[in-house]
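Protein chains in written order, with the numbering used here: chain A, 1093 to 1324; chain B, 5 to 151.
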């Protein structure tokens, strides 16, 4: 997952080998080091990865039995001089190109992942459904962002059909999911900044989701991406 | 076993690879931070992925301060450029830092430790944060949500 690098790495140490899979954390290409033997054994970066080459090589290294070690004291600061248009384009592009890495490492299956809030060391998602012989290659990361939109659509549909009680029920779930989604943006001391942050995060998430959908359709699968979460 | 070919050593040599495109001044900052490392890199490779600015001159200006190598990679794209870096690197450890980043002065010192301690450690990742100077709302957003 793209977002794994952005979240929840906490303590120095080994990434858990027995839990290592596609949704495990990986190290961003901006600050990572390899033992020469890794490249000698596995070959180089996959040049078909327009982005996510860092994720791919971490997955390959872990798969070959190498240990991955998080060393927070080895600190690098990033200078992100962002323009809004570039910001949106970047998240769309991450979404658009990432399904390639997913498909490369995951056999055809129907997989559902849930956000695991109490996760440590970046293990943010748990696989709750994995149907291996699915005719459809489909992966869904269920997040407050996605829940909010699904129930919003259901609310609109039921309202159009005139189903009043159901509309209220779906509408309530939409509001609750929306509040859960916005929770991390709210800072009562800075109300204006909270609104801007919420807007930016919403925009990035939407760009990621749409990018993932379009990128995965090109590869004959459906990838409903996870979201950009507060690192808290 | 993957680690079997690696022998535990007291010290390892480190090549630092920087991939860049049209960011000469930013590359200068990265190279400056490498000069200041408490554990000096044994080799620095700057892979130029097609810059039209003075990146090459900036790299040359560090001759003597760093064991530095300029590599030009025509094939555009991050993985192509990173691979050119790996192919040119001679170190036991190959460390990557991006061209718009600044490493803490103990960066390489801490990167090296897990590799020395355990021969089965193949990959070491450090922490990423955002430069303090960013004060636009988008930069504040990055600082809060990403690293």
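Every residue, glycine too, gets a C-beta built ideally from N, C-alpha and C.
Distance, residue 1278 of chain A Cα to residue 1237 of chain A Cα: 16 angstroms
Supposed close pair residue 19 of chain B, residue 98 of chain B - CB separation, criterion 8 angstroms: 5 angstroms
Inter-stretch contact (C-beta, 8 angstroms, three-pair minimum) for the region 110-119 of chain B and the region 76-89 of chain B: no
Under 8 angstroms between C-beta atoms of residue 1187 of chain A and residue 1284 of chain A: no
Rounded separation between residue 1308 of chain A and residue 1245 of chain A - CA only: 22 angstroms
Contacts around residue 1200 of chain A, its chain only, beta-carbon distance under 7 angstroms, and the 5 residues preceding and following it disregarded: 1226, 1229
Cβ-based burial, residue 1189 of chain A [other Cβ within 10 Å; buried from 16]: buried
Near-chain B residues of the region 1108-1134 of chain A - C-beta to any C-beta below 7 angstroms: 1119, 1120, 1121, 1122, 1123, 1124, 1125, 1126, 1127, 1128, 1129, 1130, 1131, 1133
Ordered list of beta strand (DSSP E) runs contained in the region 1159-1208 of chain A, each at least 3 residues: 1159-1170, 1202-1207
Contact between the region 54-73 of chain B and the region 22-35 of chain B (3+ Cβ pairs under 8 angstroms): yes
Segment contact flag, the region 1165-1180 of chain A with the region 123-143 of chain B, C-beta cutoff 8 angstroms, min 3 pairs: yes
Span separating the alpha-carbon of residue 143 of chain B from that of residue 1319 of chain A: 19 angstroms
Coarse secondary structure for residue 5 of chain B, derived from DSSP in three states: Note that residue 5 of chain B scores 42 on pLDDT, short of 50, meaning its location in the model is unreliable; the coordinates nonetheless yield the value given after this. Three-state result, residue 5 of chain B: coil.
Nearest-angstrom beta carbon gap, residue 1160 of chain A and residue 1114 of chain A [assumed within contact, 8 angstroms]: 14 angstroms between Cβ atoms; not a contact.
Chain A contact for residue 118 of chain B (CB, 8 angstroms cutoff): yes
Endpoints, the alpha helix (DSSP H) within which residue 1124 of chain A is located: Not the alpha helix (DSSP H): residue 1124 of chain A falls in the beta strand (DSSP E), residues 1123-1127.
Element boundaries [alpha helix (DSSP H), containing residue 1224 of chain A]: Residue 1224 of chain A -> no alpha helix (DSSP H), and no H or E assigned at all.
Sheet register partners of residue 24 of chain B (DSSP bridge): B:52
Rounded Cβ spacing between residue 105 of chain B and residue 34 of chain B (contact assumed at less than 8 angstroms): 6 angstroms
Chain B contacts from the region 1166-1193 of chain A (Cβ-Cβ distance under 8 angstroms): 1166, 1167, 1168, 1169, 1170, 1171, 1172, 1173, 1174, 1175, 1176, 1179
Neighbour-count burial assignment, residue 36 of chain B, 16 or more Cβ in a 10 Å radius: exposed
Unbroken stretches of the alpha helix (DSSP H), 4 residues or longer, contained in the region 34-108 of chain B: 59-64, 82-92
Three-state secondary structure assigned by DSSP to residue 1103 of chain A: coil
Check whether residue 1220 of chain A and residue 1243 of chain A have beta carbons under 8 angstroms apart: no
7 angstroms CB neighbourhood of residue 118 of chain B in its chain, flanking five on each side removed: 125, 128
Proximal residues of chain B, C-beta to C-beta of residue 1299 of chain A below 8 angstroms: Here the premise fails: no neighbours, minimum Cβ distance about 14 angstroms.
Contacts of residue 1164 of chain A in chain B (Cβ-Cβ under 8 angstroms): 130, 131
Alpha-carbon to alpha-carbon, residue 1194 of chain A and residue 1156 of chain A: 18 angstroms
DSSP three-state assignment for residue 130 of chain B, whether helix, strand or coil: strand
Chain A contact for residue 66 of chain B (CB, 8 angstroms cutoff): no
Cβ separation of residue 1240 of chain A and residue 1269 of chain A, assumed to be a contact under 8 angstroms, to the nearest whole Å: 4 angstroms
Amino acids of chain A, ordered along the chain, whose beta-carbon sits closer than 8 angstroms to that of residue 81 of chain B: 1139, 1142
Where residue 1148 of chain A falls, given that 16 or more other Cβ within 10 Å makes a residue buried: buried
Beta carbon proximity, residue 124 of chain B to chain A, threshold 8 angstroms: yes
Cutoff 8 angstroms: residue 28 of chain B Cβ touching any chain A Cβ: no
Interface residues of chain A facing residue 38 of chain B [CB-CB closer than 9 angstroms]: Under the 9 angstroms cutoff, chain A gives no residues; its nearest Cβ is about 12 angstroms from residue 38 of chain B.
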